[in-house]
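Asks:
In the UniProt record's numbering, the protein residues as written are 1 to 286.
Laid out in structure tokens, this is it:
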């Protein structure tokens, strides 16, 4: 009899108890329990129909740890493996035998193979060197799983940060396939700020875009026009024209690419600072 065994673990099927044990990684079932569940009254006769290799008898003196919870007068327990369990099921005339087999194959066996028991994993015996080593390996595996979960959470957080400009843009109902007037863009940023609890005004948006080099800065007539950098990068441009009464007009518009980069800048700054107001020193220099 091998020593690589777990404790006997009971589980229930409609009020009937079936105890199981894992031996060398293979699930075995207590034969008397299985026979009672299948209404096979003569356990000895039923076991004669099970191949010799599919059954074995456990002795308390050989494997005392497997007899915890079993009456002390019980010294022997006959168990059958998966194949032996099927041999018992085939002998049963109980109408629910097929359901028991389905329950066994779809629920019990997968759980036993996964954890070494039904419902909860068996822990190593830390009173032995091999048990301490096994426990250490379990902790190591758990640590690896925690590291993997942490890395996954970090990746998800990074993805959320990466998607923030797109989410903000979607919430502001910006059409990604068309340009937008700088005033219209400022209104959408302001509307988004109201939804997210951040107070933003138009001048803050313009000041921020000037600071980032998308709009022209300084006390000059072309203030808030698109910079040459913005035009070159396809972020924005300033349309110039003359009205019917002869007055010149200038309209700065943001391309979809410019809107995307502007949202990225704005949401990143607000995420880090909680507002869109630039420091006074920067504002004075801008």
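Glycine is no exception: its CB is placed at the ideal position from the N, C-alpha and C atoms.
Quantities reported herein were computed from a predicted structural model and do not represent experimental measurements.
Under DSSP, the beta strand (DSSP E) around residue 249 begins and ends at which residues?
Replies: From DSSP, the beta strand (DSSP E) with residue 249 extends over 248-254.
Asks: Per DSSP, residue 206 forms a beta bridge with which residues?
Replies: None, per the DSSP bridge assignment.
Asks: Expressed to the nearest angstrom, what Euclidean distance is found between the alpha-carbon atoms of residue 273 and residue 267?
Replies: Near 10 Å, if we compare the C-alpha coordinates of residue 267 and residue 273.
Asks: Please work out which residues of its chain come closer than 7 Å, Cβ to Cβ, to residue 200, disregarding the five sequence neighbours upstream and downstream, and give them in chain order.
Replies: 189, 190, 193, 276
Asks: Mark residue 148 as exposed unless 16 or more other C-beta atoms lie within 10 angstroms of its C-beta, in which case mark it buried.
Replies: exposed
Asks: Between the Cα of residue 197 and those of 208, 206, 270, spot the shortest distance and give me the residue it belongs to.
Replies: 270
Asks: Between the alpha carbons of residue 288 and residue 29, how many angstroms are there, rounded?
Replies: In this structure the chain extends from 1 to 286, so residue 288 is not present and cannot be described.
Asks: Inspect the beta-carbon positions of residue 57 and residue 76 and report whether they are closer than 8 Å.
Replies: yes
Asks: Run through DSSP, which three-state label would residue 270 get?
Replies: Three-state DSSP puts residue 270 in a helix.
Asks: In angstroms with no decimal places, state the Cα-to-Cα distance between residue 72 and residue 78.
Replies: 16 Å
Asks: From 213, 222, 265, 31, pick the residue whose C-alpha is nearest to that of residue 87; which is it?
Replies: For residue 87, the nearest C-alpha among the options comes from 31.
Asks: Would you call the CB atoms of residue 178 and residue 254 closer than 8 Å?
Replies: no
Asks: Contact defined as beta carbons within less than 8 Å: I believe residue 185 pairs with residue 259. What is the distance between those atoms, to the nearest angstrom?
Replies: The beta-carbon separation of residue 185 and residue 259, rounded to 7 Å, stays under the 8 Å limit for a contact.
Asks: Identify whether residue 150 lies in helix, strand or coil by the three-state DSSP scheme.
Replies: Helix at residue 150.
Asks: Could you pull out every residue in the same chain whose Cβ sits closer than 6 Å to the Cβ of residue 173, ignoring the five residues on either side in sequence?
Replies: Its pLDDT being 48, under 50, residue 173 is placed unreliably in this model, and the value from its coordinates should be taken loosely. Within the same chain, residue 173 has no close Cβ partners at all.
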